[in-house]
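In what follows, a single structure is set out as structure tokens and then discussed.
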Amino acid sequence: KEVVLSGIRPTGFLHLGNYFGAMRNYVRMQDDYNCYFFVANWHSLTTHPDTKELKNSVHRVIAENIACGLDPEKVALYIQSDVPEIAELYLYLNMLAYKGELEKTVTFKDKVRQQPDNVNAGLLTYPVLQAADILIHRAVKVPVGKDQEQHLEMARNFAERFNYRYGEVLPLPYAFNYDSELVRIMSLDGTGKMSKSENQMATLYLADDEDTIRKKIMKAKTDQGPETPGSAKPDYIQNLFTLMGLVSTPDTVKKFEDDFNASSAGNCIIRYGDMKKQLAEDMARFIRPIREKAADIQHNKELLSRIILQGADKARASASATLQLVREAVGMN
Ligand code: TYM
Numbered sequence: 003k004e005v006v007l008s009g010i011r012p013t014g015f016l017h018l019g020n021y022f023g024a025m026r027n028y029v030r031m032q033d034d035y036n037c038y039f040f041v042a043n044w045h046s047l048t049t050h051p052d053t054k055e056l057k058n059s060v061h062r063v064i065a066e067n068i069a070c071g072l073d074p075e076k077v078a079l080y081i082q083s084d085v086p087e088i089a090e091l092y093l094y095l096n097m098l099a100y101k102g103e104l105e106k107t108v109t110f111k112d113k114v115r116q117q118p119d120n121v122n123a124g125l126l127t128y129p130v131l132q133a134a135d136i137l138i139h140r141a142v143k144v145p146v147g148k149d150q151e152q153h154l155e156m157a158r159n160f161a162e163r164f165n166y167r168y169g170e171v172l173p174l175p176y177a178f179n180y181d182s183e184l185v186r187i188m189s190l191d192g193t194g195k196m197s198k199s200e201n202q203m204a205t206l207y208l209a210d211d212e213d214t215i216r217k218k219i220m221k222a223k224t225d226q227g228p229e230t231p232g233s234a235k236p237d238y239i240q241n242l243f244t245l246m247g248l249v250s251t252p253d254t255v256k257k258f259e260d261d262f263n264a265s266s267a268g269n270c271i272i273r274y275g276d277m278k279k280q281l282a283e284d285m286a287r288f289i290r291p292i293r294e295k296a297a298d299i300q301h302n303k304e305l306l307s308r309i310i311l312q313g314a315d316k317a318r319a320s321a322s323a324t325l326q327l328v329r330e331a332v333g334m335n
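The number in UniProt numbering is simply the position in the sequence shown, starting from 1, with 2 added.
Structure (structure tokens):
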């Protein structure tokens, strides 16, 4: 079986972008691949989170992954910091990563803007740690959203450099989505990608209750409707259709598609108010069981710690096998 790996930073409640960009694929992949999914708590330290919140958040992410359908018996579900082998591989890869390319990374430049007073070395080498996460299991498929594309390209570069210098040890990993395009869910206010920290009213969390979901969706950005029949959808409208495609029936989506396509400036047939009402209802129905199950699991500390230990065991077995090959290759055995 091919090896699959992906990770999520524990920086708060998970949202629909995480779900549709990444977690939905985890669940689909777990039967057909040898899967490793983990909580990237080392990566979170780059933004200096509160220690207690970070710990809670790690448990929350594990619980939400299981609530979404991941089966800890089928996959290795673990916490990054439980696998010290990753840190050693990170060290070797750091010798093959250059300052210039790291400074050019889009996510690094974003962070420099967001936290100018805390441009630490961990931020700069963030993609190297991510490469170590992937390469430690010699994973080839990495289910992620569109925003992680550049990090995957960098991971391939580091692996290629390693192989060129030390011999073929690390297979090249690729970003994966079942459809050819990687997913990018936009924020409901239409200002950018949906994210954990930005405008909370424009982010739909898997932990949101029905009322909150309805309020947020009814506030989502729309407009007067299309100028001419069949004109292209603005991205914030497309985003509502994308979300609808994920939680509503095909008939429902088709009805609003048809209404959109038949609409023009003088004759607006599509009613965005109705569309949002329908979307809110379907979204609430979709999120509810996830929210309830996640809450249950999060409070079951015994179950959680059993899952976390089991995940760490599986992950370390695979990681130490790779690390042995890596050490031999670099002359550290
Ligand atoms: P993170 O924690 O920001 O996001 C977790 C996953 O959710 C996806 N995602 C989105 N997809 C579509 N639309 C959105 N608006 C959206 N927002 C988030 C992300 O693409 C990601 O797949 N650097 C990673 C964590 C990481 C990792 C790894 C991932 C660390 N090591 C190794 C894969 C492999 C991150 O910050 O994801």
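All residues carry an ideal CB built from backbone N, CA and C; glycine is no exception.
This structure is a prediction, so every number in the text was calculated from the model and none was measured.
Q | Cβ-based burial, Y180 [other Cβ within 10 Å; buried from 16] | A | exposed
Q) Should F39 and L72 be called a contact, given that it needs their Cβ atoms to be closer than 9 angstroms? A) yes
Q | Coarse secondary structure for F15, derived from DSSP in three states | A | F15 falls in the coil class under three-state DSSP.
Q) Between which two residues does the alpha helix (DSSP H) harbouring P164 extend? A) It is Phe, not Pro, that sits at residue 164 in the sequence shown. Note, F164: alpha helix (DSSP H), 151-168.
(Q) Which same chain residues end up closer than 8 angstroms to I309 when comparing Cβ atoms and leaving out the 5 residues on each side of it in sequence? (A) I64, I68, P74, L79
Q. Can P129 and A177 be called in contact, C-beta distance under 9 angstroms?
A. If you check the CB distance, P129 and A177 do not come in under 9 angstroms.
Q: Identify whether L137 lies in helix, strand or coil by the three-state DSSP scheme.
A: L137 falls in the helix class under three-state DSSP.
Q | Heavy atom of the ligand TYM within 8 angstroms of M31 beta-carbon | A | no
**Q.** Status (buried if at least 16 other CB within 10 Å, exposed otherwise) for V185
**A.** buried
Q: Spatial neighbours of E66 within its chain, please: CB distance less than 6 angstroms, with the 5 preceding and 5 following residues excluded, ordered by chain position.
A: L16, L208, A296
Q: Assign T205 to one of two classes, buried (16 or more other C-beta atoms within 10 Å of its C-beta) or exposed (fewer than that).
A: buried
Q. How big is the Cα-Cα spacing for P236 and A286?
A. In this structure, the straight-line span from the alpha carbon of P236 to that of A286 is close to 25 angstroms.
**Q.** Alpha-carbon to alpha-carbon, R290 and M97
**A.** 47 angstroms
Q: Would you kindly work out how many angstroms separate the C-alpha atoms of V171 and T13, rounded to a whole number?
A: 33 angstroms
Q. Since S320 sits in a beta bridge, which residues does DSSP pair it with?
A. Answer is none; S320 lacks a bridge partner.
Q. Are V85 and N36 touching if we call contact CB-CB under 9 angstroms?
A. no
Q) What does a CB cutoff of less than 6 angstroms around A157 pick up in its chain, not counting 5 residues either side in sequence? A) A133, I136, P175
Q) In angstroms, rounded to a whole number, what distance separates the CA positions of Q116 and R11? A) 17 angstroms
Q | Span separating the alpha-carbon of T224 from that of Y238 | A | 7 angstroms
Q | N-terminal and C-terminal residue of the alpha helix (DSSP H) that N96 is part of | A | Annotation: the continuous alpha helix (DSSP H) that includes N96 extends over 87-96.
Q. According to DSSP, is V63 helix, strand or coil?
A. helix
Q | T230 versus G268: straight-line alpha-carbon distance, rounded | A | 9 angstroms
Q. Apart from the five residues just before and just after I81, which ones in its own chain have a Cβ nearer than 8 angstroms to its Cβ?
A. F40, V41, N43, V60, I64, I310, G313, A314
(Q) At a cut-off of 8 angstroms, would you count M196 as near the ligand TYM, judging by its Cβ distance to the nearest heavy atom? (A) yes
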